[in-house]
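Q:
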Amino acid sequence: MFLSESEDELEQLHSDLDSESSQCSLEEDYIPGGLPRGSEQEDFTDEDSSDEEWENKPTKRKAPRKRCRSVSASTALSSPKSPSKKLEQSPHRKKLHYASTPKKDSTSPRTGKTFSSPRRKNERGKRQSERRLVREEENESDDGDRWHDIDEDDAEPPQPRFRPERDVGPQLNRTANYTPLELFQLFFSTTVIDTMLRNTNAYGKKKYQGQRESWVPVTAADMNSFLCLVLYMGIVPLKTLKEFWRGSKLFSLPFPASVMPCRRFLAISRSLHMNDPAVEAANELKKGTSGYDRLCKIKPLYGQILEACHTFFHPHQHISIDERMVATKARIGLKQYIRNKPTKWGFKLFVLADSICGYTLNFFVYGGRDSEPTGKGQSYDAVMRLLNIPFLGKGYKLYVDNFYTSPTLFLDLLQRKIWACGTIRSNIAGYPKMKRNDMTKKTTRGTIRWIRKGELLFVKWLDTREVTMCSTIHKAYTNDTAKRKVKDADGQWTVKQVPIPGCIKDYNRHMGGVDLSDALIGYYNVLHKTQKWYKTLFYHFVDIATVNAFILHKEMCKLQNRPTLTQKSFREQLILSLAEIGSTPRRSAPQNFMCPASPFKGHPASPFKVPTASLITPSQSTVETASTSDVPSASPSEAPPSSPSTISPPSLSTKVPPATVSEAPGLGHLPAYFVEQMSNVASRDRATAGRRACVVCKRKSPVYCSTCQKTLCFTTLRNCYSEWHRSNGICI
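Quick note, the sequence shown lines up with residues 3 to 734 if you use the numbering used here.
1. State buried or exposed for Trp452, treating a residue as buried only when at least 16 other CB atoms are found within 10 Å of its CB.
2. Please determine, among Met198, Asn175, Ser273, Gly360, the residue with the shortest C-alpha to C-alpha distance to Thr532.
3. Anyone know if the C-beta pair for Ile300 and Tyr536 falls short of 7 Å?
4. Is it true that the CB of Val698 sits closer than 7 Å to the CB of Thr713?
5. When the Cα of Ile502 is compared with those of Ala478, Met513, Gly524, which residue comes out closest?
6. Spatial neighbours of Leu231 within its chain, please: C-beta separation below 7 Å, excluding the five flanking residues on both sides.
7. May I ask which residues mark the beginning and end of the alpha helix (DSSP H) holding Ile195?
8. Leaving out the 5 sequence neighbours to the left and right, which residues in its chain are closer than 6 Å to Asp53 when beta-carbon positions are compared?
9. Measuring straight from C-alpha to C-alpha, what distance separates Val516 and Asp403?
10. For Lys534 and Val683, what's the separation of their Cα atoms in angstroms?
11. In chain order, which continuous runs of the beta strand (DSSP E) of length 3 or greater are located wholly inside the stretch 482-564?
12. Of the choices Asn429, Gln499, Phe543, whose alpha-carbon is the least far from that of Gly305?
13. Going by beta carbon distance, what residues of the same chain come within less than 7 Å of His316, once the five residues before and after it are set aside?
14. Would you check if the distance between the CB atom of His320 and the CB atom of Lys419 is smaller than 7 Å?
15. Cβ atoms of Val218 and Ile270: under 7 Å apart, would you say?
16. Report the three-state DSSP secondary structure of Trp726 (helix, strand or coil).
17. Give me whichever residues DSSP pairs with Ala695 in a beta bridge.
18. Hey, how far is the Cα of Arg387 from the Cα of Val367?
19. Rounded C-beta distance between Leu199 and Met225? I'm assuming under 8 Å.
20. Tell me whether the beta-carbon of Ala310 lies closer than 7 Å to the beta-carbon of Leu458.
21. Could you tell me whether the Cβ atoms of Asn277 and Asn201 are closer together than 7 Å?
22. For a quick check, are the C-beta atoms of Met680 and Ala691 less than 7 Å apart?
23. Taking only three categories from DSSP, how would you classify Glu154?
24. At what residues does the beta strand (DSSP E) containing Tyr304 begin and finish?
25. Say whether the stretch 429-436 touches the stretch 483-494, bearing in mind that this needs 3 or more beta-carbon pairs closer than 8 Å, one atom from each stretch.
26. Using the C-alpha atoms, what's the distance from Thr376 back to Asp383?
27. Below 7 Å between beta carbons: does that hold for Phe552 and Gln575?
28. Within its chain, find whatever has a CB closer than 7 Å to the CB of Ser428; leave out the 5 residues flanking it on each side and keep chain order.
29. With three or more C-beta pairs closer than 8 Å as the rule, is the stretch 347-359 touching the stretch 510-527?
30. Could you check what DSSP says for Ala641 in three-state terms: helix, strand or coil?
31. Could you tell me whether the Cβ atoms of Thr330 and Gly348 are closer together than 7 Å?
32. Opposite Ser322 in the DSSP bridges: which residues?
33. For Asn550, count the other beta carbons within 10 Å of its own beta carbon; 16 or more makes it buried, fewer makes it exposed. Which is it?
34. Going by DSSP, what residues sit across from Trp421 in a beta bridge?
35. Roughly how many whole angstroms lie between the Cα atoms of Ile583 and Tyr526?
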């Protein structure tokens, strides 16, 4: 069958073939450029034709060309006339051929080949493009795959029914009054302390073997003192550890020396271990194999802290997942780089946090690609691992950023009865690629476009830039607005209420759970320089335990309608409590820095209770006198009127007679100096070391009452000591 370009050409060629039986085709009658008959000359379409026409038309052109060549070959054999004579004998055919072929100047400059007429080809290309657009519009209308405006109503998905396995909030006795130490010991329990003691002593004994200085085993009191100083260094940061024990005028900090000597603290810090050295040695032999554990050095403390985070708090309905960076300069493969984080280099932790209070529910240190990946991406595996918490429940609303969001993840979470919302990247698999009714460059601020695909809602919102969201919770638009600066017709900036999707509003409200936890940790971060990478993570575990304990304190105070402490006050009480249950330096006397008695060991007797003479036996007075014998006695002129010394002091007033021993109501209220409880204080500084504000005149004084625990002035110019005791009925 002969294929031509149009029906007119087909009829014309049929008429020519019928009229002349031995004629050749039109292409053979005219051979451009003097090419010999039978040469391989191709026919091209015009340059204006589309690529699709160029790909689809060669089969239609090649078929008639092959047939024409066969006809021309038979004609050449039967006819003895030359081509030039044949062209002269058929002028009508020559005219017809030149009318249907392009001019010589239309030849392609690169190939030198001729082109056929573009008019009908262009018309056919236009018809094909119109048919293609109509077909795409029909497909879009059938699938509903186009961007909708906010004027078009969207069906609201069924909202989740929140069914947690436990009561939301702290999993503690909600009528008890927990102290900061008790809350902290939920995470650093006796089990955790014993594990650290066993492993630290094993490594220290091995490290100090054969050295001049022998290893002194660490006790539980030593470990509590060590944790006390670690938390103290977060409140009072210095550049090096040894500066906390310097006795110079610039670095006069008496508290660290009263808790633990510098050499002992550094010895524990150098030998600190969280895992058994024998287990670590066995793990090093597996290096380079699939059985090698890169996080072996931080286990089992890692698992014990993680279990405590799960146990003592149950999250609210809104939770969030994000990354956290722990700064380090260690040369180790665990170190990661994240460009958009404030801390760009460090250990990367994937964290699941409560969006309401910032409690760290679950976390894990990223140690490289998993040995058994699911094939759905690292972010997918991280989310599923963080949500693998026992007794979590159903109906939670999860918020993630565009690193985690994917249609596959959100649909799989729905199977687990967890709804999700987050920003999404436009190049992710499953994101709608349609451009119909999409935003343009001239779209005004606040414009919303949305597409719903089953249970997934995709939303575009134009703010300062285009924001794309994916959600299984929200409706496309719920009449929410936000204040934004918009240019009016005159080019002036004005504040207007622009529409905002509900998913973006909830995302901004509930996505900051991990950021809130990072902020609470960053205020009093205990992290400092270390030569071992696993110690960096140990300090971060201390931060997580302290912040989680503080959040538990706030939640318990809300339940009991009690005033809450600030985080600084919470840490201060925790430090003092750890110092009380910790070890005491050998060279220091019992420390007493005018701090109120800790509520963890029992309250002291009230200084306002006046003991009667009948309750005081001679043996008791002898014991009290002996207990205060190590305190330097004051001169007779400076002794208080109630002093039980054998030398009766002169009365301070002519109206008040000196009190006898049996009738003295202020027995045992002797002045003392702060410097007596300090060590490594220069002689020239002993008169002013440790001064605090007097409770009467508010001036600095180095003296305090050994029984009342009050700072009072006792000088030749001010005698606030006697004034305060008399005003409170302690002394006559």
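Note that beta-carbon positions come from the ideal geometry of N, C-alpha and C, so glycine has one too.
A: On the basis of the data shown:
1. buried
2. Selected option, being the one with the closest Cα: Ser273.
3. yes
4. no
5. Ala478
6. Pro258, Val261, Met262, Phe267
7. 192-209
8. Only weak support exists for where Asp53 lies, its pLDDT of 45 falling under 50; the coordinates are left without a value.
9. 12 Å
10. 33 Å
11. Counting whole runs of 3 or more residues, the stretch 482-564 contains the beta strand (DSSP E) stretches 483-489, 495-501.
12. Nearest to Gly305 by C-alpha distance, out of Asn429, Gln499, Phe543, is Phe543.
13. Pro166, Arg168, Asp169, Val170, Gly171, Gln173
14. no
15. no
16. helix
17. Lys702
18. 12 Å
19. 6 Å
20. At least 7 Å separates the beta-carbon of Ala310 from that of Leu458.
21. In terms of Cβ geometry, Asn277 and Asn201 form a close pair [threshold 7 Å].
22. yes
23. coil
24. Not the beta strand (DSSP E): Tyr304 falls in the alpha helix (DSSP H), residues 303-313.
25. Taking 8 Å as the limit for Cβ pairs, the verdict is that the stretch 483-494 does not touch the stretch 429-436.
26. 7 Å
27. no
28. Thr470
29. yes
30. Note on Ala641: pLDDT 40, under 50, position unreliable in the model; the coordinate value appears next. Three-state DSSP puts Ala641 in coil, outside helix and strand.
31. Yes, the Cβ-Cβ distance between Thr330 and Gly348 is below 7 Å.
32. Ala355, Tyr401
33. It counts as buried.
34. According to DSSP, Trp421 bridges with Lys399.
35. 22 Å
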